Amino acid sequence: MKKKILCLVMAAIMTVGTAATAYAEDFKSDKNWQVTFDGDEMNSNFSSKEMAEEIYGILPGDTMELQVEIKNAGKEKTDWYMSNEVLQSLEEGSQAEGGAYTYVLTYYDPSGTEAVLYDSETVGGEGTSHMGEGLEQATNSLDDFFYLDRLDAGKAGSVHLKVILDGETQGNAYQNTLARLQMNFAVEKVAASTVTVKGEDTVIRKTVTGATNTVKETITRPKTGDTTNILLYSTIALISGVVLLVFGILSMKKRRENEKGEQKS
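Going by mature numbering (1 follows the signal peptide of the UniProt record, and there is no 0), the letters in the sequence shown line up with residues -24 to -1, 1 to 241, in that order.
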C-alpha cells in the first residue's frame, strides 16, 4: 500500500514538473507606433510606459521586438537623428540589475535595407557595437544624438529594438530599465544652396543639397548674343566705313577738278 502511495506521489510530482516546463517564445509588438514630421513640428503616438508594458509579460528565454516608424510627412527632405539615451538606459539598468540580457537596435530605410545600430550579446559586459566598441564607450562617443537617415518627402523608415531575456535571468528588475527606455528623435530640414559659376558665354547654376553634395547643374546662355556674330558685324561696319571714306575723298577730288576746268574756260 505504501509503495502504491509513493508511486502516486512521484507520478503527481512528475506531472506537475512536466506542466511547469517553460518554452522560450518570440513576440513581436503589433502596435502602430509612429514619429512623424509635418514640416513644422514632430508628433508621436507612444510613450515609454507603453513600450515597457509591451515587454512586461515576457519570461526568461523569451524575445520581444518593438518597432517605431519615423515618417517625413513634409514637403522637403529631412535628416533624422536618434538620442543615444536609449543605449545609456540599457547600460545603467544592466549594471544595477546584475542579470544578463541581449538587445539589438536596428534601423530599416524606406527600401527595407537593414542597418544594425547596436548589437550586444551581454548588455553591460563585453558586447560590441557596429563601431567595435563596448556599450559604455559607444554612448560616450555618440554625444546626444546619432545620425539615422535622410528621408525624402512622404518616405518612412523604422527603428526596431529586440530584447532577449537570458534563460537564467531571475526576478523582474529589468522591467525598471525598460520603463525608463527613451526613444527620442530629432529632425532637421535639408537646406539647398545655389552656387553661380560664370563662364565666357555660359552661366552654370549648381544646386547643392545637404551634406551628400547632390549637385544639379543648369546651364544657360547670356542674353547679350553670340560673340562670333558681334565680331562679324563689327568687321562689316568697319569695312563699310572705309569704303564710304574712299568714295568721299574721290568725290571731293573730282569736284575740285571740275571747278578748276570751269575757271580756265
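All residues carry an ideal CB built from backbone N, CA and C; glycine is no exception.
Predicted, not measured: the structure shown is a model, and the values here were computed from it.
Which residues share a DSSP beta bridge with residue i?
i: D85; result: None, per the DSSP bridge assignment.
i: L214; result: Answer is none; L214 lacks a bridge partner.
i: R232; result: R232 pairs with nothing; no bridge assigned.
i: D95; result: V80
i: N19; result: T12
i: I140; result: T39 and T78
i: D55; result: R126 and E164
i: S227; result: According to DSSP, S227 bridges with nothing at all.
i: S134; result: E45 and Y84
i: K7; result: In the DSSP output, where bridge partners are listed per residue, K7 has none listed.
i: E90; result: Y84
i: D120; result: Bridge partners of D120: none, in fact.
According to the neighbour-count rule (16 or more other Cβ atoms, all chains shown, within 10 Å of its Cβ), is residue i buried or exposed?
i: V(-9); result: Low confidence applies to V(-9): its pLDDT is 40, below 50, so where it sits in the model is not reliable enough to give any reading.
i: L221; result: exposed
i: G88; result: exposed
i: M228; result: exposed
i: D120; result: exposed
i: L208; result: exposed
i: V191; result: Residue confidence is low: V191 scores 44 on pLDDT, short of 50, so the model does not pin down where it sits. No coordinate-derived value is stated.
i: V44; result: buried
If you drop the 5 nearest sequence neighbours on each side, which residues of the same chain put their C-beta closer than 8 Å to that of residue i?
i: R231; result: none
i: K53; result: R126, L127, D128, A129, K165, V166, T185 and G186
Taking the alpha carbon of residue i as the point to measure from, which residue in the options has its own alpha carbon closest?
i: G15; options: W56, D38 and G37; result: W56
i: A28; options: G37, E41, M228 and E90; result: E41
i: K32; options: T78, V139 and M18; result: In the sequence as displayed, the identity of residue 32 is Tyr instead of Lys. The shortest Cα separation from Y32 among T78, V139 and M18 belongs to V139.
i: Y84; options: F161, I34, Q10 and H136; result: H136
i: N24; options: W9, P36 and E17; result: For clarity, residue 24 is Ser in the given sequence; the question names Asn instead. Answer by Cα proximity: W9.
i: S5; options: N19, N234, M18 and E26; result: E26
Once you ignore the five residues that flank residue i on each side, which residues in its own chain have a CB closer than 6 Å to its CB?
i: I225; result: none
i: T39; result: D2 and I140
i: V80; result: D95 and K138
i: F22; result: W9
Note down, in chain order, each residue of its chain lying with its Cβ closer than 7 Å to the Cβ of residue i, except the 5 sequence neighbours on either side.
i: F13; result: N48, A49, G50, T54 and V163
i: F223; result: none
i: E90; result: T82 and Y84
i: F122; result: Y57, M58 and N60
Assess contact between the stretch 117 to 131 and the stretch 39 to 49, defined as three or more Cβ pairs (one per stretch) separated by less than 8 Å. Is contact present? yes
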